[in-house]
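K.L.:
First to last, the sequence lines map onto chains L and S. Here our numbering = 1-based position in the first sequence + 19. Here our numbering = 1-based position in the second sequence + 353.
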Amino acid sequence: MFESLSSKFSAAFSSLRSRGKITSADIDQVCNEIYQGLLEADVALGVVESFIEKVKSKSLNALPTLQSGSNQAQAIFEIVNAELIEILGGQARRVRLAKNPPTVIMLAGLQGAGKTTLAGKLAKHFKDLGDTPILVASDLQRPNAVNQLQVVGESISVPVFAPEPGNGVGDPVAVAKAGVAFARSKLHNIVIVDTAGRLGVDEEMMKQASNIRDAITPDEILFVVDAMIGQDAVKTAQAFKVGVGFDGVVLTKLDGDTRGGAALSIAALTGKPIMFASTGEKLGDFDLFYPERMASRILGMGDVATLAEQAKKALDGESSAKLEEKFIKGEDFTLEDFLEQLEAMSKMGSMGKLLSMLPGAGAMKKQIENFDESEIVRTKAIVQSMTPQERIEPKILNGSRRARIASGSGRKVQEVNALVDKFSAAQKMMKQMRNGGGMPAGMALPPGVPAMPAMPGMGKKPSTPPKKKSRSGNPAKRAVEENS
Amino acid sequence: MGLFGALVAKLTRSQISDLDWDQAKRDLLTSDIGPTLADEVIQSAKKIKGDDARAGLISVLSQFLSDKPRSIDLASPLSVFLIVGINGTGKTTSAAKLAHYLKKDGKGVLLGAGDTFRAAAVEQLQTWGTRIGVDVISGKDQSEPASVAFDAVQHARDHHKEILIVDTAGRLHNKSDLMNELGKIKRVIEKIAPVTEVLLVLDATTGQNAITQARVFSESVAVTGLILTKTDGSAKGGFALAVEREMGVPVKFVGTGEAIEDFHPFDSAAYLEALLEE
Ligand SMILES: Nc1nc2c(ncn2[C@@H]2O[C@H](COP(=O)(O)OP(=O)(O)OP(=O)(O)O)[C@@H](O)[C@H]2O)c(=O)[nH]1
Ligand SMILES: [Mg+2]
C-alpha cells in the first residue's frame, strides 16, 4: 500500500523507456505518479497541485531539448528534485542574534510536538557555541511541564527560570516577561521561552500566545512542528502564522520513518525557513536543516542528493552515464561494471557513511557496523583476475575458470563462487526493480544514481529471497557445496 | 421505489457531476485517509445506485470500519491495559482519562507509571492520579519499566483492583529495541494477570505515518484498540479508517481536549460524517 515514490518513478520511467522519446502524455503520466507519491508523503493537497503544475510546465519546456535515451528520465527527476529543494530551502538562515542581548527565542506549537525537549536541545546548542542561555518555563498548563524543563536544564547545566509551579497555576505571560528581565539582569545572552502546546482552533490559547509575544517581543518565534503531521499542517501553520506569527520552523521527530511531506507544505504555505531538525530523544539529537536531505526523504530516496553528488565526483561522467543507460535499457550489469563501481566506491571513502544515507539503512545498520572494507580489496582482486570476457559474461565461469581465478587472485574457490552468487542475486534484484517490483529493503535507486549491486562485505542481503537449495550445475561449485 | 422513484433517482444521480466527485475526493484526501483509499472509496461510491450520493459515500466508508467490538474487555477479574504509542501523542493524558472514566463507572482502578525514561513523566502521571483520586504505582528513577509494571500488577492483585492501566514511554516504531521492550513489559505483567487491552494512542493531526505506526505496534504487541487524541483540533484523523480496514483494530476512544472529562467512546457515524466535511 505504501509504495515509495522512487519505485513509482522507476515504474513510470520504465514505461517511458519502451517508447523512446518522451511525449507530453508521458509527462502527464509521470506527474500523476508524483502526485500520488507526494500525497502519500503527506504533502498538503493544495501544495501538491501547484507543485505538479510547476513541474509539468518546466518539463514541457524542457521537452524539445531532451535527447531520447536515459537522460530524459533523469532530466525530469532533476526538475522535480530542484523544485523541491527550492521550496524547502527558500532563504535558509541561522538564528538572528539581537543587537542588544539577550536574544529572545519563543517556541510555539501544537501539544506533543516536542517543544520542551527542543528547548533543551536549543539551549545545549547555544551553550556548546559558547553562549550563556537560560530557559524560561512558561508552559504552566500541562501537568509537570515545568518539572520536565527543570530536569532537562539540569542535565545540560543550563539555568531554568521557573517561578511558578505550573499544573494550571501561574500566569505564563508574567513568567515570560519576568524571565526575560531576569536573563537581562544576569547577563544571559540567549533566552529560550518554552510555552504550552495549543491547537490552532483554540482561540483563547492562541490569544495567550500572542500576549506572551507582545510582552517579550522575541527576536525569533519558532514554530515547532511534528514531522509526522498530515494534511492538517495547512490549517495549523496558518493558524499559528496569523495567531502568533513565526519567523522560522523546527521539524521534530525526524528520527522516525515519516516521509515528512509537511515540511514542503509549511515551507510553501508560509514562506518561512525551516531552520532546525530534531532527530531523537537525547539532547544532542539536533541538527541544522538541510533542504536536499529533506527533498530526498520526501521522494522516498534517502539522501540521494548527497549520494549522487559523491557518486558524480567519484565516477567520471562517462562511466556514470554508461551505467545509467544500461540500467534504463534493461541491459545486464556485468562484473566489469561492478569492478568500475568498486573502484569508484573506494574513491568515495567511508562505505558506512555512504550506506547510511540510503533509505532503509536502519535495517542494515548492523551490517553497516560490521562492514569490512578490506573485503572490497579482496573482491577487487578476484574480479581483476578474470578475463574481460568472463567479466562481461559470468555465465561462462566453469570450474576450471573459477579455479584459475582463485589461484590468480590468491583467494579460495569458495570466495569466487560466493562473489558470483552474490552478483547474480544482485542482477536479479536489478531486474525486479526494473520491472517495477519496488526496491528491496528500501534501497531506492533513482535513475541517475549508479546502482550498487552485491555490495561486498554486506553479507546476506536481508531482502533477497532465500535461494532454492538446488545443486549447482557447475562442477567446481557443486564440489564445494557438497564438501561444505 | 416504483417507476417514478427510480426515475428521480436516475435524474439526481446524473446530476452529480464529475466536479462533485472531485470535491468529495478532495475532502477525503484532506482528512488524511490517504490517496489509495480515497480513490477506492470514490470508485466504489460511483457504482452505488441510489438517489443520495452522500449516503452512498458513507455506506462505502462504513464498510471499511472494523467489525470488532469497540467496548473494552473487562472479562477478567483483574484486567490490565497497556497504553502505547510514539512520543507526544497523549498516552499519559489518555491513561489518566481512561482511569477516571472507569472509576466513575464504579471500577477499582490503579495506574502504573511505566514511563521511566522521559523527564518528569512519572510526576506527570502522579499529578493526574492525585487529581482523580487513583493510586499511581511508580518505581525509582531510571528503573526498568518492566519491573515497575510487575510491581504495579502485584499491587493491583493484592489490593483487589479490577483494572490496572499502565502508561509507557513514547517510542518511535522504527526503534526495534524500544519496541522489544514493550513485549517484555507485557510478558512480565502476564505472569500475574492478562493484558486484555493494548491501546495504541494515535494523534489525529498525524498523516500517513500513523498507519505505519499501527502496523509496527500491532506486530510487536498485538494492539487491541486505538485511542484517537486531539480530535478537538482541525484534523480529522482519516488514517484511522485505513488502520481499521487494514488491521481490523477498532478505535475505542477519542480524546477531545486537555481536561480529564474530554474523553469519549468512539462514535463511528460522527467520524465518517466529519471525513466528508471540508
Ligand atoms: N487538545 C488536546 N490535547 C491533548 C489531548 N490528549 C493529550 N493532549 C495534550 O498533548 C500533550 C501531550 O500529552 P501527553 O499525555 O503528555 O503525551 P504522551 O504521549 O504521554 O507524551 P510522551 O510521554 O512524552 O511521549 C499534552 O499537552 C496534553 O495535554 C487531546 O485529546 N486534545
Ligand atoms: Mg507520557
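In this text, a Cβ means the ideal position worked out from N, Cα and C, and glycines have one as well. These numbers come from a predicted model, not from an experiment.
#1: For ligand 2, I want to know if D468 of chain S counts as a neighbour, meaning its beta carbon is within less than 7 angstroms of at least one of the ligand's heavy atoms.
#2: When you compare each of S:F592, S:V607 and S:T577 to I425 of chain S by their alpha carbons, which one comes out closest?
#3: Do you know offhand how far T389 of chain S's Cα is from E626 of chain S's?
#4: What does G438 of chain S touch in chain L if you count any residue whose Cβ is under 9 angstroms from its own?
#5: Tell me P430 of chain S's beta-bridge partners as DSSP assigns them.
#6: Using a Cβ cut-off of 8 angstroms (strictly closer), state whether S482 of chain L contacts chain S.
#7: Rounded to whole angstroms, what's the CA-CA distance from L629 of chain S to L410 of chain S? Just pull it up for me.
#8: Regarding A60 of chain L and ligand 2, is the C-beta to nearest heavy atom distance less than 7 angstroms?
#9: Can you find a heavy atom of ligand 1 that lies under 7 angstroms from the Cβ of Q479 of chain S?
#10: Count Cβ pairs between the stretch 400-419 of chain S and the stretch 270-287 of chain L that sit closer than 8 angstroms; are there 3 or more?
#11: Can you grab the Cα-Cα spacing for the pair I518 of chain S / L431 of chain S, in whole Å?
#12: Taking only the alpha-carbon atoms, compute the straight-line gap between G275 of chain L and N527 of chain S and give it to the nearest angstrom.
#13: Enumerate in chain order the residues of its own chain whose CB-to-CB distance from N208 of chain L is below 7 angstroms, with the five nearest sequence positions on each side excluded.
#14: Give the DSSP-derived three-state secondary structure of P152 of chain L in the structure shown.
#15: Using three-state DSSP, classify H144 of chain L as helix, strand or coil.
#16: The alpha helix (DSSP H) with D392 of chain S in it runs from where to where?
#17: Should T277 of chain L be flagged as near chain S, meaning a C-beta pair shorter than 8 angstroms?
#18: Quick check: is any heavy atom of ligand 1 less than 7 angstroms from the C-beta of E611 of chain S?
#19: For T609 of chain S, return the contacting residues in chain L, with the cut-off set at a CB-CB distance below 7 angstroms.
#20: Let me confirm a value: G429 of chain L is counted as buried when at least 16 other C-beta atoms fall within 10 Å, else exposed. Which label applies?
#21: Specify the secondary structure class of E359 of chain L as computed by DSSP and reduced to three states.
#22: Would you please verify whether the beta carbon of L525 of chain S is less than 8 angstroms from any beta carbon of chain L?
#23: Does ligand 3 have even one heavy atom less than 7 angstroms from the beta-carbon of D458 of chain S?
#24: Find the residues of chain S that neighbour T298 of chain L, judging by a C-beta separation of less than 8 angstroms, and give them in chain order.
#25: Does the CB of I485 of chain S have a neighbour CB from chain L at under 8 angstroms?
#26: Can L6 of chain L and L318 of chain L be called in contact, C-beta distance under 8 angstroms?
#27: Below 8 angstroms on the Cβ atoms is my guess for A94 of chain L versus D158 of chain L; work out the distance and round it to an integer in Å.
#28: Name the chain S residues that come within less than 9 angstroms of T255 of chain L, Cβ to Cβ?
#29: Kindly indicate which three-state DSSP category V468 of chain L falls into: helix, strand or coil?
#30: Rounding to the nearest angstrom, what Cα-Cα distance links A101 of chain L and G418 of chain L in this structure?
#31: DSSP beta-bridge partners for V548 of chain S?
#32: DSSP state of E507 of chain L, grouped into three classes?
#33: Quick one: what's got a C-beta closer than 7 angstroms to I424 of chain L's C-beta in the same chain, skipping five residues either side?
#34: Tell me the residue span of the alpha helix (DSSP H) that contains I485 of chain S.
#35: How far does the alpha helix (DSSP H) with L455 of chain S in it reach, from first residue to last?
P.N.:
With the structure as the only source:
#1: If you number the second sequence from 1, residue 468 of chain S lands on position 115. True, at least one ligand heavy atom lies under 7 angstroms from that Cβ.
#2: The residue you call residue 425 of chain S lines up with position 72 of the second sequence. Answer by Cα proximity: S:T577.
#3: By one-based count along the second sequence, residue 389 of chain S stands at place 36. By one-based count along the second sequence, residue 626 of chain S stands at place 273. Those two C-alpha atoms are separated by around 20 angstroms.
#4: Counting from one through the second sequence, the residue named residue 438 of chain S turns up at place 85. Result: empty, since nearest Cβ-Cβ is about 10 angstroms, beyond 9 angstroms.
#5: For this step, residue 430 of chain S is matched to residue 77 along the second sequence. DSSP, once it has assigned bridges, lists no residue as partnering P430 of chain S.
#6: Indexing the first sequence from 1 puts residue 482 of chain L at position 463. Summary for S482 of chain L: the model assigns pLDDT 37, below 50, so the residue's position carries little reliability; its value from the coordinates is reported in the next sentence. Chain S, which has no Cβ nearer than 8 angstroms to the Cβ of S482 of chain L, makes this no.
#7: Position 276 of the second sequence, counting from 1, holds the residue named residue 629 of chain S. Position 57 of the second sequence, counting from 1, holds the residue named residue 410 of chain S. Taken atom to atom, the span from the alpha-carbon of L629 of chain S to that of L410 of chain S is near 9 angstroms.
#8: Locating residue 60 of chain L in the first sequence gives position 41, counting from the first residue. No, since every heavy atom of ligand 2 falls outside the 7 angstroms radius drawn around the Cβ of A60 of chain L.
#9: For this step, residue 479 of chain S is matched to residue 126 along the second sequence. Answer for Q479 of chain S: no, Cβ out of range of ligand 1.
#10: Touching, no, given that fewer than three Cβ pairs across the two stretches are closer than 8 angstroms.
#11: Locating residue 518 of chain S in the second sequence gives position 165, where the first residue counts as 1. Locating residue 431 of chain S in the second sequence gives position 78, where the first residue counts as 1. If you take the alpha carbons of I518 of chain S and L431 of chain S, they lie about 11 angstroms apart.
#12: Here residue 275 of chain L corresponds to residue number 256 of the first sequence, with the count starting at 1. Here residue 527 of chain S corresponds to residue number 174 of the second sequence, with the count starting at 1. Between G275 of chain L and N527 of chain S, the C-alpha separation is close to 6 angstroms.
#13: For the purposes of this step, residue 208 of chain L is identified with residue 189 of the first sequence, where counting begins at 1. So the list reads P120, P121, T122, D150 and T151, once near-sequence residues are dropped.
#14: On the first sequence, residue 152 of chain L is found 133 positions in, with the first residue counted as 1. In the structure shown, P152 of chain L sits in a strand (DSSP, three-state: E or B).
#15: By one-based count along the first sequence, residue 144 of chain L stands at place 125. Residue state, collapsed to three classes: helix.
#16: Start at 1 with the first residue of the second sequence, and residue 392 of chain S comes out as number 39. Counting along the chain, the alpha helix (DSSP H) containing D392 of chain S begins and ends at P388 to K400.
#17: Here residue 277 of chain L refers to the residue found at position 258 of the first sequence. Look at T277 of chain L: its C-beta is under 8 angstroms from a C-beta on chain S.
#18: Position 258 of the second sequence, counted from the first residue, corresponds to residue 611 of chain S. Taken from the Cβ of E611 of chain S, at least one heavy atom of ligand 1 lies inside 7 angstroms.
#19: Translated into positions along the second sequence, residue 609 of chain S becomes position 256. Against T609 of chain S, chain L offers no close residue; the least beta-carbon distance is about 11 angstroms (beta-carbon pairs closer than 7 angstroms).
#20: Residue 429 of chain L sits at position 410 when you count from the first residue of the first sequence. Per the 10 Å Cβ criterion, exposed.
#21: Along the first sequence, read from residue 1 onward, the residue named residue 359 of chain L stands at position 340. Under the three-state reduction of DSSP output, E359 of chain L falls in the helix class.
#22: Working through the second sequence from its first residue, we reach residue 525 of chain S at position 172. Under the 8 angstroms criterion on CB atoms, L525 of chain S is classed as interfacial with respect to chain L.
#23: No copy of ligand 3 appears in this structure; the ligands present are ligand 1 and ligand 2.
#24: Position 279 of the first sequence holds residue 298 of chain L. Per Cβ cutoff of 8 angstroms: no residues; T298 of chain L is ~11 angstroms from chain S at best.
#25: Your numbering for residue 485 of chain S matches position 132 in the second sequence. Residue-level contact check: I485 of chain S does not touch chain L, since none of the beta carbons of chain L fall below 8 angstroms from its beta carbon.
#26: The requested residue 6 of chain L is not part of the displayed model; chain L covers only 20 to 503.
#27: If you number the first sequence from 1, residue 94 of chain L lands on position 75. If you number the first sequence from 1, residue 158 of chain L lands on position 139. Wrong, their Cβ atoms sit about 49 angstroms apart, outside the cutoff.
#28: Stepping through the first sequence from its first residue, residue 255 of chain L is reached at position 236. Per Cβ cutoff of 9 angstroms: T558, G586, S587 and A588.
#29: Reading the first sequence from its first residue, position 449 is the one you call residue 468 of chain L. At V468 of chain L the pLDDT is 35, less than 50, meaning the model places this residue with poor confidence and gives no usable figure here.
#30: The count along the first sequence starts at 1 and reaches residue 101 of chain L at position 82. The count along the first sequence starts at 1 and reaches residue 418 of chain L at position 399. Per the coordinates, the alpha-carbon of A101 of chain L lies some 50 angstroms from the alpha-carbon of G418 of chain L.
#31: Numbered from its first residue, the second sequence carries residue 548 of chain S at position 195. Among the bridge pairs identified by DSSP, V548 of chain S is matched with S:V433.
#32: Residue 507 of chain L falls outside the range modelled here, since chain L spans only 20 to 503, and no answer is possible.
#33: As a first step, residue 424 of chain L is located in the first sequence; it is residue number 405 there, counting from the start. Cβ neighbours of I424 of chain L within its own chain (closer than 7 angstroms, five residues either side excluded): I401, S404, M405 and V435.
#34: As a working note, residue 485 of chain S is residue 132 in the second sequence. In the DSSP annotation of this structure, the continuous segment of the alpha helix (DSSP H) that includes I485 of chain S starts and ends at A474 to I485.
#35: Taking the first residue of the second sequence as position 1, residue 455 of chain S is located at position 102. In this chain, the alpha helix (DSSP H) harbouring L455 of chain S covers K444 to K457.
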